[in-house]
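**Student:** Using the numbering used here, the final residue of the sequence shown is 672, and nothing's skipped along the way.
Positions of the beta carbon are idealized from the N, C-alpha and C atoms, including for glycine.
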Amino acid sequence: MTFLRRDRPSQGLSVLLVDSDPDFLKRSCKLVAEEGHTVWGAEDLLAAANFLADNLPDVLLVELELLEMDGADPLADLRTRAPAAPIIIMGAGAPGVPFRKLHRAHDVFGYYDKRHGEDGLLLWVNAALASARQLETIRRTRHGLRRVLESVPQLHEIQSLDELTETILTLVSGLLGGQSAFVATRATDPVGKRPIEGFIYSPQSIDDFVVSAASTDSYPRGSTIEKLRSVPEHLVRRAVEEHSNIIDDNHGVLPLSLAEHVLGLAYLERPGHGERDVDLLQLFASQAAAAIRNAGLYELATVDTTTRVFRKAFTLDRLRETIKLAWRKAFPVTVLMLDIDDFKNLNEKHGHVVGDRALRHLGNLLKMNVRDSDVVGRFGGDEFLLVLIDANQAGGAIVAERLQSALTSEWESWWPPEMPVLTTTMGLATLDPGDVAPFDLGFPDFPRVVEDLVEEADTAMYRARNDGVKVLAGRTLRWPEFTGH
């Protein structure tokens with residue numbers, strides 16, 4: 188027969204008592220329950236074993252006499268079912284040889300002599316529960332530390348700031364849980380910059396934080412904190428000003444700090460019962476902040492600030508790597524050169540602000556209409572270079588037509604009607620592997636391959652403009668031209 192108390196306290200601590208005396212069992216369960224713990228009682232080892240098959244208490248108290256009645260080793264079975272729970276042996280009298288054998292064999296926490304009354308029982312129970320709490324804290328800390336350390340390589344991959352904030356969002360949601368979340372970063376990077384004379388800058392200000400990644404449309408990308416009505420601005424401001432995590436049942440704010448600068452923050456609505464260890468969260472936050480800083484430096488070196496596509500040098504570097512891979516794997520590569528028609532006239536007539544707006548929109552349109560594996564870069568003032576991986580000449584022509592169609596349809600939705608519609612001219616050039624594996628032809632002159640491929644696309648673009656067409660495919664290059672065969 189088993190006595191069961193179902194009301195579980197908020198701290199979630201639980202005790203299983205196993206004793207053959209029903210009166211002692213009932214009194215003891217009531218006594219421990221009055222201390223605010225969940226208590227279960229079992230009158231025999233079989234009932235205890237059945238209970239442990241589906242439940243895991245924090246502490247076990249087992250009568251010594253029950254253990255001695257079985258010639259086998261019943262405590263070993265209980266220990267197997269509850270490997271981490273401290274076990275207290277109960278007996279009427281001083282511990283003897285049987286207890287010492289059990290203590291050595293099963294790492295028994297202690298011995299409660301029933302003659303010591305209720306105070307003695309509570310003393311042992313509280314001591315065992317304190318040990319259980321400490322062990323659980325260590326276990327959770329180890330588990331949390333492992334999760335944080337496993338996240339570090341993901342944070343420090345070479346990636347754009349947009350990709351990084353999505354990674355941070357996924358990781359912090361995994362650590363803390365929550366119904367919805369967003370990650371915000373600063374619109375300006377304050378690290379390493381001297382303050383402008385006469386201008387007071389506060390590294391703890393939240394005025395220039397904008398949402399970079401979100402799990403729901405309730406937090407629109409690009410929104411400032413003050414525009415997010417469901418987010419308590421005073422909590423976010425306090426967390427940033429104090430460089431401290433604020434986590435309760437309704438909100439979670441995790442500042443992402445590098446030295447004295449808060450470079451980002453993560454917000455969660457109704458955090459779950461995830462990681463709450465301050466030191467572990469701070470470790471994650473500092474790694475995330477360093478990754479944000481590195482991503483900012485990476486973008487500064489590789490991304491054009493006006494168009495938000497890759498800079499020329501980085502684009503050509505990616506083209507070189509793509510061609511080397513194409514040589515090893517024998518797949519085609521198509522390069523597309525694109526130029527805005529009459530862009531100089533647009534700048535002179537409508538101003539450079541309008542011109543920059545056109546460049547920025549075109550860069551975004553190009554990125555949205557090619558694959559993630561393809562490369563989009565700014566080659567010159569109004570020229571763009573696209574590297575289409577594993578695309579032959581026909582595939583490149585399809586991409587060019589898709590871009591022309593997208594340009595026409597999407598431009599009408601935002602371009603002022605009083606201004607002329609923007610048009611482009613494109614030229615294609617393809618490097619085709621042919622029938623013979625390029626690797627078997629020998630080592631090619633890779634710099635020359637890059638130069639000739641770009642030159643062919645550029646020539647095709649200018650021929651298209653002279654011929655009055657929007658897209659023209661240039662000559663297809665083949666590997667024997669660059670290997671001496």
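1) Leaving out five residues on either side along the sequence, give the residues of the same chain with a beta carbon under 7 Å from the beta carbon of arginine 652.
2) Would you call methionine 555 buried or exposed, if buried means 16 or more other Cβ atoms sit within 10 Å of its Cβ?
3) By the DSSP assignment, the beta strand (DSSP E) with glutamate 456 in it spans what residues?
4) Pick out whichever of Val557, Phe571, Phe518 and Leu232 has its Cα sitting closest to the Cα of aspartate 208.
5) Grab me the residues of phenylalanine 518's own chain with a C-beta within less than 6 Å of its C-beta, minus the 5 sequence neighbours each way, in chain order.
6) How about threonine 493 and aspartate 543: are their beta carbons less than 7 Å apart?
7) Can you list, in chain order, the residues of its chain with a C-beta nearer than 8 Å to that of aspartate 260? Leave out the 5 residues immediately preceding and following it.
8) Going by beta-carbon coordinates alone, are aspartate 395 and arginine 373 separated by less than 7 Å?
9) Span of the beta strand (DSSP E) holding glutamate 344?
10) Going along the chain, which unbroken runs of the beta strand (DSSP E) with 3 or more residues stay wholly within the segment 520-554?
11) What I want to know is whether the C-beta of alanine 315 ends up closer than 6 Å to one or more non-hydrogen atoms of the ligand COA.
12) Answer with buried or exposed for alanine 500, where buried requires no fewer than 16 other C-beta atoms within 10 angstroms of its C-beta.
13) Mind checking which residues open and close the alpha helix (DSSP H) that includes tryptophan 514?
14) Determine the DSSP secondary structure at glutamate 250, reduced to helix, strand or coil.
15) Is the separation between the beta-carbon of glycine 409 and that of valine 397 shorter than 7 Å?
16) Distance, Cα to Cα, glutamate 344 vs isoleucine 393?
17) Thinking C-alpha only, which one of Gly629, Asp300 and Ile527 is nearest lysine 511?
18) Quick one: any contact between the segment 260-279 and the segment 287-307, if contact means 3 or more CB pairs under 8 Å?
19) Using the DSSP secondary-structure output, state which residues sit across from methionine 277 in a beta bridge.
20) At what residues does the alpha helix (DSSP H) containing threonine 646 begin and finish?
21) Can leucine 590 and threonine 521 be called in contact, C-beta distance under 7 Å?
22) When we look at the beta-carbon of leucine 618 and count the other beta-carbons within 10 Å, is it buried (16 or more) or exposed?
23) Please classify glutamine 321 as buried or exposed, where buried requires at least 16 other C-beta atoms within 10 Å of its C-beta.
24) Compute the distance between the beta-carbons of alanine 401 and leucine 441, then report whether it is under 7 Å.
25) Distance, Cα to Cα, glycine 582 vs proline 620?
26) Compute the beta-carbon to beta-carbon distance between aspartate 528 and threonine 646, rounded to the nearest angstrom, for a pair I have assumed lies under 8 Å.
27) Give the straight-line distance between the Cα atoms of proline 340 and leucine 308, rounded to the nearest whole angstrom.
28) Taking all protein chains shown into account, do 16 or more other C-beta atoms lie within 10 angstroms of the C-beta of proline 270, making it buried, or fewer, making it exposed?
29) What distance in whole Å lies between the Cβ atoms of serine 367 and threonine 411, which are believed to be in contact at a cut-off of 8 Å?
30) Taking glutamate 230 as the reference, give the member of Leu254, Ala240 and Pro244 with the closest Cα.
31) How is the beta strand (DSSP E) around arginine 408 delimited, first residue to last?
32) Between which two residues does the alpha helix (DSSP H) containing glycine 567 stretch?
33) Nearest to arginine 327 by alpha carbon, out of Asn481, His537, Leu455 and Val465?
**Tutor:** In short, the structure shows the following:
1) Here the set comprises Thr612.
2) Exposed, because fewer than 16 other Cβ atoms sit within 10 Å of the Cβ of methionine 555.
3) Counting along the chain, glutamate 456 sits inside the beta strand (DSSP E) bounded by residues 448-456.
4) The shortest Cα separation from aspartate 208 among Val557, Phe571, Phe518 and Leu232 belongs to Leu232.
5) Hits under 6 Å: Asp577.
6) Result yes, Cβ atoms of threonine 493 and aspartate 543 sit closer than 7 Å.
7) The answer, listed in chain order, is Ala292.
8) It is a contact, given that the beta carbons lie within the stated cut-off.
9) Judged by DSSP secondary structure, glutamate 344 falls outside any beta strand (DSSP E); it is assigned neither H nor E.
10) Taking only runs of at least 3 residues, the beta strand (DSSP E) segments lying wholly in the segment 520-554 are 520-527.
11) In the structure on display, the ligand COA does not appear, and there are no ligands present to speak of.
12) By the neighbour-count rule (16 or more Cβ atoms within 10 Å), alanine 500 is not buried but exposed.
13) Per DSSP, tryptophan 514 belongs to the alpha helix (DSSP H) from 499-516.
14) Glutamate 250 sits in a strand when the DSSP states are folded into three classes.
15) Yes, the pair counts as a contact, with Cβ atoms nearer than the cut-off.
16) When only Cα atoms are considered, glutamate 344 and isoleucine 393 end up about 27 Å apart.
17) When each option's Cα is compared against that of lysine 511, the closest is Gly629.
18) Here the segment 260-279 lies against the segment 287-307, with 3 or more beta-carbon pairs under 8 Å apart.
19) For methionine 277, DSSP records a beta bridge to Glu250 and Tyr299.
20) Unbroken alpha helix (DSSP H) run through threonine 646: 633-654.
21) Result no, Cβ atoms of leucine 590 and threonine 521 do not sit closer than 7 Å.
22) Under this definition leucine 618 is a buried residue.
23) Label assigned to glutamine 321: exposed.
24) No. Outside cutoff.
25) For glycine 582 and proline 620, the distance between alpha carbons rounds to 15 Å.
26) Taking the Cβ atoms as the reference, aspartate 528 lies roughly 17 Å from threonine 646, outside the contact range of under 8 Å.
27) Spanning the alpha carbons of proline 340 and leucine 308 requires a straight line of approximately 49 Å.
28) Burial call: exposed.
29) In fact, because the Cβ distance is near 18 Å, the residues do not count as touching under 8 Å.
30) When C-alpha distances from glutamate 230 are compared across Leu254, Ala240 and Pro244, the shortest belongs to Leu254.
31) No beta strand (DSSP E) contains arginine 408, which DSSP labels as neither H nor E.
32) Where glycine 567 is concerned, there is no enclosing alpha helix (DSSP H), given that its DSSP letter is neither H nor E.
33) Residue Val465 is the option with its Cα nearest to arginine 327.
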